[in-house]
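Reviewing the structure listed below.
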Amino acid sequence: MDYPINSAEPLVMHIDLNSAFASIEQQANRMLRGVPVGVAANLSPGGCVISPSKEAKVLGVKVGFRVRDAQALIPNIRIIAPDPDKYFYVHKQFSRLFRDYSPDVVPLSIDEAAINFKGTLGIHRQTMEEIGQEIKDRMRDEIGDWLTCNVGISTNRFLAKLAAGLHKPNGLDVITHDNLRDVLGSVGLMDLCGINTRNKTRLHLNGITSPLEFLDAPVWKLWKEVFHSVNGRQWFLRLRGWEVDDITYKRRTYGQSYALHHFTNNTEELSKLMMKLCEKMGRRLRRSGNFAYGIHVGCGYRGFSGWHKGQKGHTKLYSTQDLYNAAMKLLEYRPQAPFHQVTHIWVNCYGLQSAQHVADTLFETEESRAFKLADAMDAINNRYGEYTVHAATMSGMDEQIIKRVPFHATTDTLSEIYDDSEEFAGVA
């Protein structure tokens, strides 16, 4: 197979909000503007900085720094706790803005999106660079004057994302067949999205030490010798500007997890956490229009690898109570010796089926009434606020399993963030 470099017009745009959470905090609070800021998942010295501001990055603070290290490097850095509602609001605002240009908008994370302009009318009156600059101007004028973004344009998502990272912050770059080799010659293997340390080692062992050598490698070498799978062929096409990442996978599970701040193996305490996890998971399950047949629970232990157990049956699991009852039955099988202190707890539901035929039955049954009751409770909480109606077991848990930001979320997950849902809750 000898695919040439894609010479088509670059119609894929990648947009990445610069220092997203920190910039949004600075937009909301003028006192934070122009000073180094770090948004940290946990404000303790061992907490992780998840978003340093542009000012902090210039002084050397990077994503993943411990709070203590950031403060040692920049004594006057302002460390603040995340406010997910602000970030979700901005995500919704720029998503609406992007859809003014194309219906094909794919959120890649809470601060990134890909826009496909193929078949849209906008490209007939403006160049892609002009559209990119217009989006940058509108984000500043309509969403926040302190917010900047990087724009990358190319023939596929991969190269558009690479272009978006060439000149941070606030850059706008285009990669075409004309300058592809020049761009790849200016970056390293680890600058390519999807190439981690393990893949870099694989490439080095096969004599590929730079992106240009990666581009020039024959497909058989990547497929048979480097990746030993079809992934090698996908990299061969991806590097040449052909689209291989625009794939939607069917959702198979829904799940929630939580990292306990107070380690325990007390059943009563764990049952409260499990109820709230099941409520969050159940709302996502019901919003998708599905029920589940299987449940899977697990615990992580202090000084112990962990435990998990799953079970699939014939009972439809739809309401929070149904999910909770099934989860608690399995949780009873966990190791319960005094020295087994639970540090993490999680629950997943699987075996998904459409709930449409249950809700639309001609004659009401006990099962259809239970489904409608669960939907009615969700509708109340949607209108009047999360947990307006909830199980008594969850009383006093307002500060437990709080809303977190879903990093590297799927499109499916991002569609759910506006009402207190995310893939991995509570993990800092």
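Take 978 as the starting number for the sequence shown in this note's numbering and just add one per residue.
Every residue, glycine too, gets a C-beta built ideally from N, C-alpha and C.
Is the separation between the beta-carbon of residue i and that of residue j shorter than 7 angstroms?
i: G1129; j: K1138; result: yes
i: I1152; j: L1136; result: yes
i: P1328; j: G1271; result: At residue 1328 the sequence reads Gly, which differs from the Pro that was named. Contact: yes.
i: Q1211; j: V1221; result: yes
i: G1283; j: G1290; result: no
i: L1237; j: V1274; result: no
i: I1001; j: K1039; result: no
i: Q1313; j: W1123; result: no
i: L1161; j: D1150; result: no
Nearest CA to the CA of residue i: which residue from the options?
i: P1029; options: V1067, P1146, V989 and E1107; result: P1146
i: V1319; options: G1280, T1292 and D1352; result: G1280
i: H1068; options: S1282, K1253, G1121 and G1275; result: G1121
i: A997; options: N983, L988, R1007 and G1015; result: G1015
i: D1168; options: S1187, R1158 and E1309; result: S1187
i: D1268; options: A1058, T1132, K1293 and A1005; result: According to the sequence shown, residue 1268 is Phe rather than Asp. If we check each option's Cα against that of F1268, K1293 comes out closest.
i: L1157; options: S1000, L1189, T1178 and K1177; result: L1189
i: F1240; options: Y1301, I1172, F1316 and V1196; result: F1316
i: A985; options: V1196, N1359, F1094 and A1141; result: F1094
i: E1106; options: V1164, V1083 and S1131; result: S1131
i: N1208; options: A1058, I1172 and H1181; result: I1172
i: S1163; options: A1140, V1324, E1002 and M1116; result: A1140
i: N1302; options: R1073, R1043 and V1324; result: V1324
i: A1047; options: P1061, Y1066 and C1025; result: C1025
i: F1348; options: F1071, Y1066, K1253 and R1264; result: R1264
i: D1155; options: Q1333, P987 and D1352; result: P987
i: H1005; options: Y1066, G1041, P1084 and F1042; result: Contrary to the premise, residue 1005 reads as Ala rather than His in this sequence. Minimum Cα distance to A1005 is reached at Y1066.
i: C1326; options: T1104, L1180, T1178 and K1257; result: K1257
Determine the direct distance from the alpha carbon of residue j to that of residue i, and round the result to whole angstroms.
i: C1255; j: L1192; result: 47 angstroms
i: D1223; j: F1075; result: 18 angstroms
i: W1200; j: I1185; result: 14 angstroms
i: T1408; j: M1008; result: The chain is shown from 978 up to 1405; residue 1408 falls before or after that span and cannot be answered.
i: A1194; j: E1202; result: 11 angstroms
i: R1134; j: L1214; result: 12 angstroms
i: C1170; j: L1216; result: 11 angstroms
i: L1262; j: D1077; result: 30 angstroms
i: R1045; j: V1012; result: 18 angstroms
i: F1204; j: R1228; result: 26 angstroms
i: N1358; j: G1259; result: 13 angstroms
i: H1285; j: T1342; result: 34 angstroms
i: P1059; j: A1017; result: 7 angstroms
i: N1127; j: L1350; result: 46 angstroms
i: S1206; j: W1197; result: 10 angstroms
i: R1073; j: R1311; result: 46 angstroms
i: G1037; j: S1079; result: 37 angstroms
i: D1118; j: G1096; result: 27 angstroms
i: Y980; j: T1125; result: 37 angstroms
i: F1071; j: V1082; result: 11 angstroms
i: A999; j: I1027; result: 9 angstroms
i: G1109; j: E1309; result: 55 angstroms
i: R1010; j: M1116; result: 18 angstroms
i: K1253; j: R1043; result: 29 angstroms
i: L1182; j: K1249; result: 51 angstroms
i: G1041; j: K1113; result: 27 angstroms
i: L1085; j: T1174; result: 22 angstroms
i: I1378; j: T1104; result: Low local confidence applies: a pLDDT of 49 at I1378 is under 50, so the model's placement there is unreliable, with the coordinate-based value given in what follows. I1378 and T1104: Cα-Cα distance of roughly 46 angstroms.
i: R1179; j: D1159; result: 24 angstroms
Since residue i and residue j are thought to touch, with beta carbons under 8 angstroms apart, how far apart are those beta carbons, to the nearest angstrom?
i: I1322; j: Y1235; result: 6 angstroms
i: A1304; j: M1354; result: A1304 to M1354, Cβ: 18 angstroms. No contact.
i: G1218; j: I982; result: 6 angstroms
i: S1345; j: G1266; result: Not really, about 14 angstroms apart at Cβ, beyond 8 angstroms.
Is it the case that the CB of residue i approaches a heavy atom of the ligand ADP more closely than 6 angstroms?
i: H1181; result: The model depicted lacks the ligand ADP and carries no ligand whatsoever.
>> I want to know whether the region 985–992 touches the region 1021–1037 - three or more CB-CB distances under 8 angstroms.
In response: no
> Quick one: any contact between the region 1019–1026 and the region 1100–1115, if contact means 3 or more CB pairs under 8 angstroms?
Replying inline: no
> On the three-pair Cβ rule with 8 angstroms, is the region 1044–1055 touching the region 1079–1097?
Replying inline: no
> Would the region 1242–1249 and the region 1291–1300 be scored as touching if the rule is three or more Cβ pairs under 8 angstroms?
Replying inline: no
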